[in-house]
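Enquirer: Before I ask anything, here is the structure I am working with.
Protein chains: 2
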Amino acid sequence: MKIGIIGATGNAGSAIYKVAQQRGLDVTAIVRNAAKAREVLGADANVIEKNAFALTAGDLTKFDYVVNAFATPTAYQHIDLAAKLVRELRENKTTKIIFIIGASSLLKPDGTKLLDSLLQDENAANWIATPIEQAKELTFLKLIDNVEWLAVSPQANFVPGPAAEYQLGVDHLLFNAAGHSIVSTGTMAEALVDQIENPTVPVRTRFTVGDK
Amino acid sequence: MKIGIIGATGNAGSAIYKVAQQRGLDVTAIVRNAAKAREVLGADANVIEKNAFALTAGDLTKFDYVVNAFATPTAYQHIDLAAKLVRELRENKTTKIIFIIGASSLLKPDGTKLLDSLLQDENAANWIATPIEQAKELTFLKLIDNVEWLAVSPQANFVPGPAAEYQLGVDHLLFNAAGHSIVSTGTMAEALVDQIENPTVPVRTRFTVGDK
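So the protein lines, in turn, are chains D and Y.
Note that UniProt numbering has the first sequence beginning at 1, numbered continuously upward.
Note that UniProt numbering has the second sequence beginning at 1, numbered continuously upward.
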């Protein structure tokens, strides 16, 4: 199983890289800076140094799975990068691509979007662009019917940390035993690599992972 | 006023080119085949020969208006090209871009989408991909808030022919005096160049043009 991770030096990407490596999968970091990747992932890491927006069908289809864990520098680039990767993978049936899209498009128990609550925050202007664009990214992906995509949302709180037991959901926030919507990068990585090794989530859908 | 027309050798694009030229505007055809463009538009036509997917911000921002009249070879490329052009024009406030997006997303008088009726046609499988993707293209454009885009829909019938008097609408099909939803390429071209010279339609909206 060959896996390429775009943005493999970030919190989510590096956790996924490490879990895949521990399980003996053939994993490659696709990053802007190879030296930084080897610092974060180890001197023996498999690295392709390339701007994500320059990736071609040839680069991507070497892999069985591509994971897009890249937190783009500018919020609206979430859509632009998704569109670029989709364009390169059109009509390809063998390479699957998983987009980590944030939690803002998930529904609260009352059926409203988490994004609607975030917009009410008095300091929203400082950080709302990314949740807005990540919600749009899902809307964009739902337009795409000839690429083997999956989208995965973390929880309202997505925090660095080791893996816990996890639960999967579809479009609703998940809550742990203490009532919190939270998932660690370690939990996300385990759940995501589980889906790569033993897929249970239907292609072209979004799922979500939460700590139990 | 500098205008670039992507797909200027097609029915819609060539009509727009000719109207812009007749009005003394500085218009350039952006096409895959310069020789074909000079056959269609005249030996003295201004031509840039470039694949639409290779256009850069530098190419596009030479113009006050870019018109995307390119009927892509594959239906899903409507979204891919829109996303590519959007990406190149992000945060640009001086170059406006007009997408010709088809009529399928327009509403019938009963409030249902024209696309829903088209899907019922017994031969729909032969031609439905383009109306489906053009409707998605509008959904995509509505996600974009930092590009100066406009989308224009023709009518259920979009036919080659000279200009008639026209009417403008927003999201509903328009009907001529004989009760037909129809617009000629000539009418579309006049209305579109009118919007370039004297804009009345708000930026980041879709409008529609019909024969009176």
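For every residue, glycine included, the Cβ atom is placed at its ideal position computed from N, Cα and C.
1. Could you give the residue range of the beta strand (DSSP E) that holds Lys96/Y?
2. Where Arg38/Y and Gln77/Y are concerned, what is the direct C-alpha to C-alpha distance, given to the nearest angstrom?
3. So which residues of chain Y does Ile79/D contact, with C-beta pairs closer than 9 Å?
4. Counting along the chain, where does the alpha helix (DSSP H) carrying Gly210/D start and finish?
5. What residue ranges within the region 5-29 of chain Y form continuous alpha helix (DSSP H) runs of no fewer than 4 residues, ordered along the chain?
6. Name the one or two DSSP bridge partners that Ala151/Y has.
7. Buried or exposed for Asn198/Y, going by 16 or more other Cβ atoms inside 10 Å?
8. Establish whether the CB of Tyr65/D and some CB of chain Y are separated by less than 8 Å.
9. Could you give the uninterrupted runs of the beta strand (DSSP E) lying entirely in the region 166-204 of chain Y, keeping only those of 3 residues or more?
10. Taking 8 Å as the CB-CB limit, is Arg32/D close to chain Y?
11. Taking C-alpha atoms, which residue in Asp145/Y, Ala178/Y, Asn126/Y, Gly4/Y lies nearest to Gly61/Y?
12. Can you give me, in chain order, the residues of the region 40-53 of chain D that have a beta carbon less than 9 Å from any beta carbon in chain Y?
13. Between Val19/D and the rest of its own chain, which residues show a CB-CB distance below 7 Å, the 5 nearest in sequence each way excluded?
14. Is there a Cβ from chain D that is less than 8 Å from the Cβ of Tyr166/Y?
15. Can you give me, in chain order, the residues of the region 118-139 of chain Y that have a beta carbon less than 8 Å from any beta carbon in chain D?
16. Return the Cβ separation of Gln173/Y and Phe207/Y in integer angstroms, given the expectation that the two are a contact with Cβ distance under 8 Å.
17. Which one or two residues does DSSP pair with Ile3/Y in a beta bridge?
18. Could you check whether the region 52-59 of chain D touches the region 70-85 of chain D, counting it as contact only if at least three pairs of C-beta atoms, one from each stretch, sit closer than 8 Å?
19. If I measure Cβ to Cβ from Asn157/D and keep anything under 6 Å in the same chain, skipping five residues before and after, which residues do I get?
20. With burial defined as no fewer than 16 other Cβ atoms inside 10 Å of the residue's Cβ, what is the status of Glu91/D: buried or exposed?
21. Residues of chain D with a CB under 9 Å from the CB of Arg90/Y: which are they?
22. Which residue marks the beginning of the alpha helix (DSSP H) containing Glu49/D, and which one marks its end?
23. In this structure, does DSSP put Leu107/Y in helix, strand or coil?
24. Looking only at its chain, what residues have a beta carbon closer than 7 Å to the beta carbon of Asn140/D, apart from the 5 residues adjacent to it on each side?
25. When you compare the region 127-147 of chain D with the region 129-140 of chain Y, are there three or more beta-carbon pairs, one atom per stretch, that lie closer than 8 Å?
26. Following the continuous alpha helix (DSSP H) through Phe140/Y, name the residue where it begins and the one where it ends.
27. Would you mind sorting Val203/Y into buried or exposed? The rule is 16 or more other CB atoms within 10 Å of its CB.
28. Excluding five sequence neighbours on each side, which residues of the same chain lie with their C-beta closer than 6 Å to the C-beta of Glu148/Y?
29. For Lys84/Y, report the span of its alpha helix (DSSP H) as first-last.
30. For residue 231/D, which residues from the same chain have a beta carbon less than 8 Å from its beta carbon, with the 5 sequence-adjacent residues on both sides left out?
31. Which whole-angstrom value is the C-beta distance of Val31/Y and Thr9/Y, which I expect to be below 8 Å?
32. Can you tell me the Cα-Cα spacing of Ala43/Y and Gln120/Y, whole angstroms?
33. Would you report the Cα separation of Ile132/Y and Pro73/Y, rounded to the nearest angstrom?
34. Can you say whether Ala125/Y is buried or exposed, counting buried as having 16 or more other CB atoms within 10 angstroms of its CB?
35. Kindly indicate the opening and closing residues of the alpha helix (DSSP H) around Lys36/D.
Expert: Straight from the coordinates:
1. 96-100
2. 25 Å
3. Ala83, Val86, Arg87, Phe140, Leu143, Ile144
4. That residue, Gly210/D, is in no alpha helix (DSSP H); its beta strand (DSSP E) goes 206-211.
5. 11-22
6. Phe99/Y, Arg206/Y
7. exposed
8. no
9. Here the runs fully enclosed are 166-169, 182-184.
10. no
11. According to the sequence provided, residue 61/Y is Thr. The question's Gly does not apply to it. Ranking the options by Cα distance to Thr61/Y, first place goes to Gly4/Y.
12. Phe53
13. Ala189, Glu190, Val193.
14. Tyr166/Y does not count as touching chain D.
15. Lys136, Thr139
16. According to the sequence displayed, residue 173/Y carries Leu and not Gln. That pair is no contact at about 13 Å.
17. Val27/Y, Tyr65/Y
18. yes
19. Ile182
20. exposed
21. Thr74, Tyr76, Gln77, Asp80
22. Note, Glu49/D: premise wrong, no alpha helix (DSSP H); beta strand (DSSP E) at 47-49.
23. strand
24. The amino acid occupying residue 140/D in the given sequence is Phe; Asn does not appear at that position. Same-chain partners within the cutoff: Ile79, Ala82, Ala83.
25. yes
26. 129-141
27. exposed
28. Residues of the same chain with a CB within less than 6 Å of the CB of Glu148/Y, apart from the 5 flanking positions on each side, are Lys96, Val203 in chain order.
29. 77-89 is the span of the alpha helix (DSSP H), which, as asked, contains Lys84/Y.
30. Limits of chain D in this structure are 1 at one end and 212 at the other, which puts residue 231/D out of reach.
31. So it is a contact: roughly 6 Å between Cβ atoms.
32. 45 Å
33. 15 Å
34. Of the other Cβ atoms in all chains shown, fewer than 16 fall within 10 Å of the Cβ of Ala125/Y; this residue is therefore exposed.
35. Where Lys36/D is concerned, the enclosing alpha helix (DSSP H) stretches over 34-41.
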